[in-house]
Amino acid sequence: MSDAKKTPQDDDVKTDDAAAKAAAPAAAEGEGTDREADEETEDPSDESEGDEDGDEPEGDEDGDEPEAEEPAAAADAEPAKPKKKLVEEDLELSDDPELAREERALAERRSKLKKKGVGKAALAKAASKKLAEVRDKRKAAIAVDAADPLLARTNQVGAWLQNNQRAVQVAGGLVALGLFGTGGYLYYQQKHESDASVVLAGAITDERGLIGEAPADDDENRLKDPRPYFKTAEDRRESALKKYKEVQARFAGTGAAYLARLAEASVLLDKRDADGAIAAYTEAKATPLAQADLEVRGRATEGLGFAYELKANLDPAQKDKHLDAALAEFKTLENGVDAKGFKELGMYHQSRVLQAKGDLTRAKELLLSLRERISKPGDDHPFAYLEEMSNDRLRMIDPKAVPPKPKYNDAQLQEMLQKLRAGGGAPGGAGGGDDDE
298 MSDAKKTPQD DDVKTDDAAA KAAAPAAAEG EGTDREADEE TEDPSDESEG DEDGDEPEGD
358 EDGDEPEAEE PAAAADAEPA KPKKKLVEED LELSDDPELA REERALAERR SKLKKKGVGK
418 AALAKAASKK LAEVRDKRKA AIAVDAADPL LARTNQVGAW LQNNQRAVQV AGGLVALGLF
478 GTGGYLYYQQ KHESDASVVL AGAITDERGL IGEAPADDDE NRLKDPRPYF KTAEDRRESA
538 LKKYKEVQAR FAGTGAAYLA RLAEASVLLD KRDADGAIAA YTEAKATPLA QADLEVRGRA
598 TEGLGFAYEL KANLDPAQKD KHLDAALAEF KTLENGVDAK GFKELGMYHQ SRVLQAKGDL
658 TRAKELLLSL RERISKPGDD HPFAYLEEMS NDRLRMIDPK AVPPKPKYND AQLQEMLQKL
718 RAGGGAPGGA GGGDDDE
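Dropping the structure here:
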């Protein structure tokens with residue numbers, strides 16, 4: 298800047314216009330001499346004073362030091378005017394916002410210090426030092442951000458967790474509670490199924506119990522039969538029914554309960570309770586277990602056919618109606634249960650019903666077709682008794698349809714019986730044994 302500033306403090310005593318003009322050259326010379334002396338003997342404390350203010354960024358160092366005016370120019374100059382306030386257009390500021398802020402602040406401080414007589418060199422040194430510190434910090438921050446963006450993201454997550462600590466704790470508690478509840482539920486379900494199986498096993502044991510008096514327990518070396526003893530068959534049935542109903546009542550909706558309903562139907566059929574058996578078999582056939590397990594579905598369908606046959610025997614007036622219902626169930630067994638052996642079993646049961654209805658021709662056709670299916674070499678059938686039973690029934694309808702039944706001695710009969718037991722048993726229920734009564 299070309300014009301030297303004068304402050305009110307420099308003019309302690311006002312003089313008239315003539316005295317002021319005469320003293321101006323001398324004052325200018327004295328001011329220039331004092332500033333040169335300040336620059337040579339400047340105290341380092343001036344530098345620290347600038348640092349402690351915390352203002353940074355550079356100002357325009359060129360042209361900031363006031364120049365000594367020549368005596369002639371000073372004499373003709375007008376009285377000094379206050380310096381205009383710094384504006385951003387006069388400064389060359391950095392593109393970095395933080396550095397620009399520091400440069401602007403240092404430029405304003407430098408202007409103030411100049412008024413107090415602080416030397417240019419000391420001011421520049423202090424400004425350079427402060428700006429260097431700011432630049433170093435800024436570069437370090439940029440380097441850290443660029444080198445490790447994951448760290449910044451981690452810090453953000455950490456801050457969020459701290460600010461939302463309560464919500465995080467509640468969410469964690471809910472998750473823990475959910476896991477605990479799930480584990481407890483699974484444990485309960487497993488124990489529930491296990492308890493149901495125990496009760497069901499007890500019911501099956503009772504149904505297969507022995508009739509009579511239990512032998513005296515006087516021989517410790519004799520193998521003991523684990524089955525219970527009952528005085529009568531009716532006592533045995535009632536005991537089994539009671540336990541089957543207990544399984545259904547205590548463990549409803551379990552697989553054990555569905556099997557208990559199917560077993561209950563069989564006991565009711567054995568008691569000749571046709572209506573009760575029809576209801577129980579119908580429910581068992583519709584259970585989720587029967588839909589998923591072909592064996593269960595097949596047994597429920599077969600049992601329902603037996604129940605309708607029993608109903609036909611108990612209600613002669615509606616015999617044909619009930620036999621037709623039984624025939625429909627056995628057709629379903631033949632064509633609707635895709636499990637090994639059930640097709641042949643359904644064909645055999647249909648031949649019995651047709652024979653009971655008096656339709657011997659169709660009954661014979663079914664039996665011949667069945668005989669052809671089950672007598673193929675190499676075929677293994679789950680119901681080993683079926684071939685012999687179908688041949689016996691075919692001889693009843695047409696003795697010439699199959700060779701005469703061979704004569705067996707006791708040893709041969711025992712051997713055949715062992716083979717039959719190894720291959721599978723005869724079907725239960727009233728439907729399979731109507732010829733033997």
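Residue numbers (the working numbering): 298 to 734. All C-beta atoms in this analysis are idealised placements derived from N, C-alpha and C, irrespective of residue type, glycine included.
| Is DSSP giving L520 helix, strand or coil here? | coil
| said: Using only the alpha-carbon positions, how far apart do K521 and E504 sit? | reply: 18 angstroms
Spatial distance of R659 from S648 (CA atoms):
7 angstroms
When you compare only the Cα positions, how much space is there between I575 and I508? 27 angstroms
*Counting only the same chain and skipping the five closest in sequence on each side, list residues whose C-beta sits under 7 angstroms from that of L565.*
G573, A574 and A577
Practice task
Quick one: using the 10 Å Cβ neighbour count with 16 as the cut-off for buried, is E669 buried or exposed?
Solution key: exposed
Nearest-angstrom Cα separation, counted from L538 out to V495: 15 angstroms
Cα separation between Q711 and A549? 44 angstroms
(Q) For a test of the three-state rule: what should DSSP assign to E399, helix, strand or coil? (A) helix
| said: With a threshold of 9 angstroms between beta carbons, is T579 in contact with chain D? | reply: No chain D is part of this structure, which consists of one protein chain only.
Assuming K616 and A622 form a contact by the criterion Cβ under 8 angstroms, report the distance between their Cβ atoms to the nearest whole angstrom.
-> Contact flag wrong, Cβ pair sits at about 11 angstroms.
Item checked: Boundaries (first-last residue) of the alpha helix (DSSP H) holding G655 -> That residue, G655, is in no alpha helix (DSSP H); it is neither H nor E in DSSP.
_Alpha carbon of E592 to alpha carbon of P701, nearest angstrom_ = 35 angstroms
Run through DSSP, which three-state label would L538 get?
helix
Counting only the same chain and skipping the five closest in sequence on each side, list residues whose C-beta sits under 6 angstroms from that of Y541.
A500, A557, A560 and E561
(request) Put F639 into one of helix, strand or coil per three-state DSSP. (result) helix
Could you give the distance in angstroms between the alpha-carbon of N518 and the alpha-carbon of Y526?
20 angstroms
Measuring only the C-alpha atoms, how far is P523 from T502? 9 angstroms
By a C-beta neighbour count over all protein chains shown, 10 Å radius and 16 as the cutoff for buried, is R569 buried or exposed?
exposed
Discussion item. Quick check: what's the CA-CA separation for K654 versus P512?
Written reply: 47 angstroms
To the nearest whole angstrom, what separates the beta carbons of L586 and G552, a pair I think is in contact under 8 angstroms?
5 angstroms
Considering only their Cβ atoms, is the gap separating A581 from Y605 smaller than 9 angstroms? no
Checklist entry - Residues in its own chain within less than 8 angstroms of I694 by CB, not counting five upstream and five downstream? => result Q652, L657, A660, K661 and L664
| How close, in whole Å, do the beta carbons of L630 and T598 come, if the pair is a contact with beta carbons under 8 angstroms? | 5 angstroms
Please look up how many angstroms separate the CB atoms of S687 and L667, rounded, as I've assumed it's under 8 angstroms.
5 angstroms
*Would you kindly report the start and end of the unbroken alpha helix (DSSP H) that includes K628?*
K616 to G633
Assign E399 to one of two classes, buried (16 or more other C-beta atoms within 10 Å of its C-beta) or exposed (fewer than that). buried
On a CA-only basis, which of Q487, S491, A636 and R534 is nearest G506? Give me that one, please.
R534
Using 10 angstroms around the beta-carbon of A456, count the other beta-carbons present and answer buried if the total reaches 16, otherwise exposed. exposed
**Asked** In terms of alpha-carbon separation, which member of G643, V544 and L642 lies closest to A491?
**Response** One point to set straight first is that residue 491 is Ser, not Ala, in the sequence displayed. Taking only the C-alpha atoms, the option nearest S491 is V544.
Check: Hey, would you say E626 sits closer than 9 angstroms to L601, going by beta carbons?
Finding: yes
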